[in-house]
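Trainee: Dropping the structure in here first, questions after.
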Amino acid sequence: MHRPRSLPAIRLLLLAAVGITAALPQFRDPTLRPDYSARVTIVVQREDTGEIVPARIYLFRSGRLFRLSPVDSMIAFKQDNFYRNRPWRRSNNPDSLEIIVRDMSHVILTKGSATFDVPPWKEYRLEVHRGLFYEPAVIEFEVGPNEEKTIVAKVRPMAPRLQEQWISADQHVHIMRAREDDDLLMRWMQAEDLNVLNNLEGQRQQHFGVQYAWGRAGEARMPGQSIRSGHETRSDYFGHVLVLGGNRLIRPLGIGDMYGNTPYAYPHPYITFFEGRRAGGLVGYAHFHGSRKHSQFIMNMALNTLDFVEVMQYALIKTPGWYELLNAGFRVTGTAGCDWPDPTDHFIPWERNLPLLGPERTLVKAEPGESAWETWADAVRRGSTVVSNGPLLDFTVNGRGIGSIIDWDGASATVRGEATAVFHRPLDSLEIVANGKVVASRKGDGVKTELSLPFELELTESTWIAARTESPRLREDIRIWAHASPVYVLKNRQPPYVKADRDSVLAKWETEIEFYKTAGFVFEHESQRDELMDLAERTRKILQAPQPPWPASR
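Letter by letter, the sequence shown follows residues 2 to 555 in our numbering.
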């Protein structure tokens, strides 16, 4: 039965209603728009098609970077090695995303258009950026008090139709990700013209960059785009390694006291790679050899457990080490990843011409298909990669593409090919490298943004052949270049062999074996030490002889 409210309760409700009514006139528009501000709508279009496209923008007021507002969403990154930043939103369907790193504001137009309030002023300059393959747009304007103005910026693709033939990926990013974050992160990727993002969980005592699921269950997709979970497993003893896209997490992610919570030097990367491949993932070394003083990199190269080596990061390509391994007879597929947000510690202030996501990229020539990640991963397994932080590079040998193996026999062979490079800035050079030596080159003239280089080589031994190109540095610490993984031209299936390089790799491995013997590693079971030393000795024996012929299936 309904009971009437008591008189005191009714009085309290009336008082509350009066209070709310009295307060209503004191509340302003929730956007808190500043009086006298101008309202500027920024629209970004592709110059060739007129399509409105997401982009990254910066506004300068009398030459100083001006922070745009209001924004619909924000991620503030704090670089403290624990990578746990998540987006803030004031809208479930945001037009803008502000990325704040080291107190610098980067604004993403998630749909290609957004409106901001700015002070009236006569000297504004707008910069618009979209990935590596679009020429940035710059527009100057002025606005008065209460004025409403629309600014249309047009970004020019540097190679229409050609650049769409490539999938670009950043294989090394640490951003905590819940399922509800996927749409916003993918629109950020669109603004950077990035197809694939490998988002990696890791461990420094506790896990960082936590992902919500693995394999296809954790893959976010839009047409031509994928985000896929992976992980970085780190050890001060064996180096940093990556497992990309697998259907499960291969624990532990931190080995030893520095990264984990036990002193045990187990499992080592050989075990992680075996399990990672069983889980359907790509496996390889981060930071080229793992970034630590000691590494199991050479062992895993000799035992053929790697799908890739991260040869490009922080605007550097590790060409001396890469060439040494190739000359020692190994097949080494080069990849690139930025290790976000770590690059913001290397490039201070941030160079705006570099994308935030994917400043270094692994490119493969393929149609994205149903899953851009799966297509990209298949190409990496074939060795069909280009690493770049700017130019688009391609080359062929005898009509065969990057990563191919061309067989021949007899006393000699002649191969012919062509390399091409294109960028929206002038190119300095285009070169062909064979077994570590430049065998053909073309110099730029300071103006040309496209170079081509036909070449012909007479071979008497097995040879790896690759192409590389370079553009002027953005600044002293940022070299702009691209490098293709090799085409392998093999005489009787024998791999390339330069004895001095094979001996150098062996000497480095001897140093690692001595370290393993004397470092005082702690193992939970003594059989784990025996396993490691058996693998180390097996690697030594492999390196003491030339690399055996490659199987026909490679």
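All C-beta atoms, glycine included, are put in the ideal place defined by N, C-alpha and C.
For clarity, every value in this text was computed on a predicted model and none was experimentally measured.
(1) Here's a check: name, in chain order, each residue in its chain whose Cβ is nearer than 6 Å to the Cβ of N94, leaving out the five neighbours to either side.
(2) Under the three-state reduction of DSSP, which class applies to W351: helix, strand or coil?
(3) State the Cα-Cα distance for the pair I100 and Q314, rounded to the nearest angstrom.
(4) Please list the segments of the beta strand (DSSP E) lying wholly inside the segment 157-202, counting only runs of 3 or more residues, in order along the chain.
(5) Inspect the CB distances between the segment 357-372 and the segment 385-400 and report whether three or more fall short of 8 Å.
(6) Quick check on the burial criterion: 16 or more other C-beta atoms within 10 angstroms. Buried or exposed for T306?
(7) How long is the line joining the alpha carbons of H173 and G145, rounded to whole angstroms?
(8) Hey, could you find the ends of the beta strand (DSSP E) Q226 is sitting in?
(9) On the DSSP letters alone, give me the boundaries of the alpha helix (DSSP H) that V506 sits inside.
(10) Tell me the rounded alpha-carbon separation between I514 and V310.
(11) Provide the residue span of the alpha helix (DSSP H) that contains S528, from first to last.
(12) Residues in the same chain with beta-carbon distance under 7 Å from H288, minus the five sequence neighbours each way, listed in chain order, please.
(13) The beta strand (DSSP E) spanning I109 covers which residue range?
(14) List in chain order: all unbroken beta strand (DSSP E) runs of 3+ residues lying wholly within the segment 258-298.
(15) What are the boundary residues of the beta strand (DSSP E) that includes E128?
(16) Please state whether the Cβ-Cβ distance between G282 and G246 is less than 7 Å.
(17) DSSP three-state label for L460, please.
(18) When the Cα of N199 is compared with those of A329, G359 and Y125, which residue comes out closest?
(19) I need the DSSP call for E143, collapsed to helix, strand or coil.
(20) Can you list, in chain order, the residues of its chain with a C-beta nearer than 7 Å to that of S236? Leave out the 5 residues immediately preceding and following it.
(21) Would DSSP call G113 helix, strand or coil?
(22) Please determine, among P473, L458 and P497, the residue with the shortest C-alpha to C-alpha distance to T450.
(23) Quick check: the Cα distance between L391 and Q529, rounded to an integer number of angstroms?
(24) Check E220 in the structure and name its three-state DSSP category.
(25) Are T464 and A435 touching if we call contact CB-CB under 7 Å?
(26) What would DSSP say about G375, mapped onto helix, strand or coil?
(27) Does the beta-carbon distance from I318 to V506 come in below 7 Å?
(28) Using CA coordinates, which residue listed in A170, S486 and A414 is at the minimum distance from A420?
(29) Could you tell me the distance, in whole angstroms, from the CA atom of P137 to the CA atom of V156?
(30) Kindly indicate the opening and closing residues of the alpha helix (DSSP H) around W409.
(31) Cα separation between G335 and R40?
(32) So who's on the other strand from H241, going by DSSP bridges?
(33) Span of the alpha helix (DSSP H) holding W323?
Mentor: Put simply:
(1) So no residue of the chain qualifies.
(2) Taken through DSSP and simplified to helix, strand or coil, W351 comes out as coil.
(3) Each residue's Cα considered, the two are about 21 Å apart.
(4) 167-174, all fully within the segment 157-202.
(5) Contact holds: three or more Cβ-Cβ distances are below 8 Å.
(6) So T306 counts as buried.
(7) For the pair H173 and G145, the Cα-to-Cα distance works out to about 45 Å.
(8) Counting along the chain, the beta strand (DSSP E) containing Q226 begins and ends at Q226 to S236.
(9) K500 to T519 is the span of the alpha helix (DSSP H), which, as asked, contains V506.
(10) Whole-angstrom Cα-Cα distance: 21 Å.
(11) Element bounds for S528: E527 to L544.
(12) Residues H241, E311 and Q314 of the same chain have their beta carbon placed closer than 7 Å to that of H288, with the five preceding and five following residues left out of the count.
(13) Per DSSP, the unbroken beta strand (DSSP E) holding I109 starts and ends at M105 to L110.
(14) Runs of the beta strand (DSSP E) inside the segment 258-298: 283-286.
(15) Taken as a continuous stretch (DSSP letters only), the beta strand (DSSP E) holding E128 covers W122 to H130.
(16) Taking 7 Å as the Cβ cut-off, G282 and G246 qualify as a contacting pair.
(17) L460 falls in the strand class under three-state DSSP.
(18) It is G359 whose Cα lies nearest to the Cα of N199.
(19) Here E143 sits in strand by DSSP.
(20) Cβ neighbours of S236 beyond the five flanking positions: I256, G257 and Y260.
(21) Per DSSP, reduced to three states, the secondary structure at G113 is coil, with no helix or strand assignment.
(22) It is P473.
(23) The residue you asked about is not Leu; residue 391 is Gly in the sequence shown. Spanning the two alpha carbons is a distance of roughly 45 Å.
(24) In the three-state scheme derived from DSSP, where H, G and I count as helix and E and B as strand, E220 is classed as coil.
(25) Yes, Cβ-Cβ distance for T464 and A435 is below 7 Å.
(26) According to the sequence as given, residue 375 is Glu; it is not Gly. Residue state, collapsed to three classes: helix.
(27) It is not a contact, given that the beta carbons lie outside the stated cut-off.
(28) Selected option, being the one with the closest Cα: S486.
(29) The straight-line gap from Cα to Cα measures roughly 6 Å.
(30) For W409, no alpha helix (DSSP H) run applies; the uninterrupted beta strand (DSSP E) run containing it begins and ends at I406 to W409, by DSSP.
(31) So the two alpha carbons sit approximately 47 Å from each other.
(32) Among the bridge pairs identified by DSSP, H241 is matched with R235.
(33) T320 to N328 is the span of the alpha helix (DSSP H), which, as asked, contains W323.
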